[in-house]
Each structure stands twice: as structure tokens, then as C-alpha cells.
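Asks:
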Amino acid sequence: MRALKSIGAGLGLWMLAGVAAVTACAQTPPAASENTGPNANIVRWAEGKYIYYGDNGARERGTEKFRLNVHPDG
Numbered sequence: 000m001r002a003l004k005s006i007g008a009g010l011g012l013w014m015l016a017g018v019a020a021v022t023a024c025a026q027t028p029p030a031a032s033e034n035t036g037p038n039a040n041i042v043r044w045a046e047g048k049y050i051y052y053g054d055n056g057a058r059e060r061g062t063e064k065f066r067l068n069v070h071p072d073g
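Just so we're aligned: 42 in numbering that gives the first Met the number 0 is position 43 of the sequence shown, and the numbers increase by one with no gaps anywhere.
1. Identify the residues that DSSP records as bridge partners of alanine 45: which are they?
2. With distance defined between alpha-carbon atoms, name the residue in Asn38, Glu63, His70 and Pro37 nearest to glutamate 46.
3. To which residues of the same chain is tyrosine 49 closer than 6 Å at the C-beta, ignoring the five residues directly before and after it?
4. Have a look at Asn40, Thr27 and Pro28 and flag the residue whose alpha-carbon is nearest the alpha-carbon of asparagine 68.
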């Protein structure tokens with residue numbers, strides 16, 4: 000029984016050391032240059048919203064939002 004306890008304790012320490020080593024080696028990647036600042040490929044944009052009404056025009060039945068992006072190549 001004593002041997003099982005020492006094996007269990009040794010296994011626990013081995014697992015703890017492995018977690019500590021993985022945590023120490025983990026690094027966060029630097030921010031990619033294309034993900035910082037505004038997107039230079041969009042030269043202009045427009046936003047809008049469609050509102051759909053029922054047959055009598057009194058009750059709003061639904062909406063739809065949109066955004067159009069224009070790139071330099073058209």
C-alpha cells in the first residue's frame with residue numbers, strides 16, 4: 000500500500016511539473032500587421048436599412064440592415 004502511495008505522489012508531481020513546463024513555454028503570438036488599424040482595401044462604404052411593412056402600411060413586419068464595402072479595384 001505504501002508503494003502505491005509513493006507511486007501516486009510521484010505521478011502527481013510529474014503531472015504538475017509537466018503543466019508548469021507547458022505554461023512556462025506558452026507564448027502569445029504578436030499582433031499581425033494586417034489586423035491593426037483600418038482596412039486600407041476599403042475606400043468607401045455605405046450602410047442602410049430596409050423596413051418592410053404590412054399591406055396597409057401601418058405595422059412594421061421586419062427589417063434588414065446592410066453594409067456595402069467598395070474596394071479600389073471596383
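Beta carbons: idealized from backbone N, C-alpha and C, even for Gly. Just so you know, these numbers come straight off a predicted model, no measurement behind them.
Replies: Reading off the structure:
1. Residue pairing of alanine 45 in beta bridges, as defined by DSSP: Leu67.
2. Nearest to glutamate 46 by C-alpha distance, out of Asn38, Glu63, His70 and Pro37, is Glu63.
3. Only Glu63 meet the Cβ criterion.
4. Answer by Cα proximity: Asn40.
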